[in-house]
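Chemist:
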Amino acid sequence: MNPTTTALRAGGQRGLIELRQSLTNGADLWDHAFWPVLMLVVTFFLRDVSFEGTGFSVGALALPGILGMNAAMAMVTMSQLLTADREDGTLLRAKATPNGMSGYLVGKLVSVAGGLVVDLSIFLVPGAFLVSGLVTGSVEAWLTVAWVLALGLLAALPLGAVLGSVFSSARAQGLLILPILAVIAISGVFYPVTALPVWVQWVAQVFPVYWLGLGMRSALLPDAAAAVEIGQSWRHLETVGVLTAWAVVGLVLAPAVLRRMARRESGSSVAERRERSLRRVG
Numbered sequence: 001m002n003p004t005t006t007a008l009r010a011g012g013q014r015g016l017i018e019l020r021q022s023l024t025n026g027a028d029l030w031d032h033a034f035w036p037v038l039m040l041v042v043t044f045f046l047r048d049v050s051f052e053g054t055g056f057s058v059g060a061l062a063l064p065g066i067l068g069m070n071a072a073m074a075m076v077t078m079s080q081l082l083t084a085d086r087e088d089g090t091l092l093r094a095k096a097t098p099n100g101m102s103g104y105l106v107g108k109l110v111s112v113a114g115g116l117v118v119d120l121s122i123f124l125v126p127g128a129f130l131v132s133g134l135v136t137g138s139v140e141a142w143l144t145v146a147w148v149l150a151l152g153l154l155a156a157l158p159l160g161a162v163l164g165s166v167f168s169s170a171r172a173q174g175l176l177i178l179p180i181l182a183v184i185a186i187s188g189v190f191y192p193v194t195a196l197p198v199w200v201q202w203v204a205q206v207f208p209v210y211w212l213g214l215g216m217r218s219a220l221l222p223d224a225a226a227a228v229e230i231g232q233s234w235r236h237l238e239t240v241g242v243l244t245a246w247a248v249v250g251l252v253l254a255p256a257v258l259r260r261m262a263r264r265e266s267g268s269s270v271a272e273r274r275e276r277s278l279r280r281v282g
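Quick note: the sequence shown uses UniProt numbering, first residue 1, plus one each step.
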């Protein structure tokens, strides 16, 4: 069997094992449940707030946007996990295995994507009962959710791997959170982006968070809800184009950046980072 195929298959199996472990560990289960439950509480309080007399509640408009936001946040999760594995020597061990970096990356993609699907299910299933006006009884709606989510993960996860290669410590990951929150704030997640200044709308459309939210709204809201969107349209072609562009950038950059980072890894660098971490704890 081709060594690369063997490594990729091993990576897939590793990802499934990591996913199963995260779903049977108390601390990880809390991590999976906390954010979806918090967003459910926010959606609950927005369910009866009407948006500018359109007949749609802010909660109905926000719920699909939150789904898209969570998919984009998988980028942060990927970055944090990669940085943590770099600190504890996991990446160094992967580097020592033939095609180990490819297998490692595939494993992380599988585990993070699987965990995200669990998180979205925890939010979406009860949310569909809390919020009225959603289109959840259509096969077409769920097919749209599936392709938007798949394309969004292709756009977000490789970028997360790139960011994880840039930050040398978990502590430095804090630098990533504020820019991500800023992008979320202008992406129309909790409120239609058309309520923001025009120049902010243009900035929001550069990033995948906005397009993930728009794609999810197109799947779960009736066509009449497009009236509050830019151009009064769901713009599926533009959604595919922007998310595909980000996916191509990430898939081109991620392997090269990971290989470069792996070449710089050594036992001494891992030991040095571990020593610095212990000094901070002490």
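All C-beta atoms, glycine included, are put in the ideal place defined by N, C-alpha and C.
Tell me which residue opens and which closes the alpha helix (DSSP H) that Glu238 is part of.
Modeler: Along the sequence shown, one-based indexing puts residue 238 at 238. Residues 236-264.
Chemist: Could you give the C-beta distance for Leu143 and Ala247, rounded to a whole number, given that I count them as a contact under 8 Å?
Modeler: Residue 143 sits at position 143 when you count from the first residue of the sequence shown. Residue 247 sits at position 247 when you count from the first residue of the sequence shown. Leu143 to Ala247, Cβ: 19 Å. No contact.
Chemist: Could you work out which residue in Leu116, Leu220, Pro64 is closest to Ser138 when comparing CA atoms only?
Modeler: Counted from its first residue, the sequence shown places residue 138 at position 138. The option with the nearest alpha carbon to Ser138 is Leu220.
Chemist: Suppose contacts are defined by Cβ-Cβ distances below 8 Å. Is Arg217 in contact with Leu38 by that definition?
Modeler: Indexing the sequence shown from 1 puts residue 217 at position 217. Indexing the sequence shown from 1 puts residue 38 at position 38. Going by C-beta atoms, Arg217 is not nearer than 8 Å to Leu38.
Chemist: Hey, how far is the Cα of Val112 from the Cα of Val162?
Modeler: As a working note, residue 112 is residue 112 in the sequence shown. As a working note, residue 162 is residue 162 in the sequence shown. Roughly 15 Å separates the two Cα atoms.
Chemist: Under 8 Å, do Ala156 and Ala72 count as touching if we go by C-beta distance?
Modeler: The residue labelled residue 156 in the question sits at position 156 within the sequence shown. The residue labelled residue 72 in the question sits at position 72 within the sequence shown. Yes, these two residues count as a Cβ contact at 8 Å.
Chemist: May I have the straight-line CA-CA distance separating Met183 from Thr194, to the nearest angstrom?
Modeler: Taking the sequence shown and counting its residues from 1, the one referred to as residue 183 is at position 183. Taking the sequence shown and counting its residues from 1, the one referred to as residue 194 is at position 194. Note that residue 183 is Val in the sequence shown here, rather than Met. Whole-angstrom Cα-Cα distance: 15 Å.
Chemist: According to DSSP, is Ser57 helix, strand or coil?
Modeler: Counted from its first residue, the sequence shown places residue 57 at position 57. Reduced to three states, the DSSP call for Ser57 is strand.
Chemist: Identify whether Ser121 lies in helix, strand or coil by the three-state DSSP scheme.
Modeler: The count along the sequence shown starts at 1 and reaches residue 121 at position 121. Reduced to three states, the DSSP call for Ser121 is helix.
Chemist: Between Ser165, Leu16, Leu178, Ala94, which lies nearest to Met261 when the distance is taken from Cα to Cα?
Modeler: Reading the sequence shown from its first residue, position 261 is the one you call residue 261. Selected option, being the one with the closest Cα: Ser165.
Chemist: Leaving aside the five residues before and after Ala128 along the sequence, list all residues of the same chain whose C-beta is less than 7 Å from its C-beta, in chain order.
Modeler: Here residue 128 refers to the residue found at position 128 of the sequence shown. Contacts found: Leu134, Thr136.
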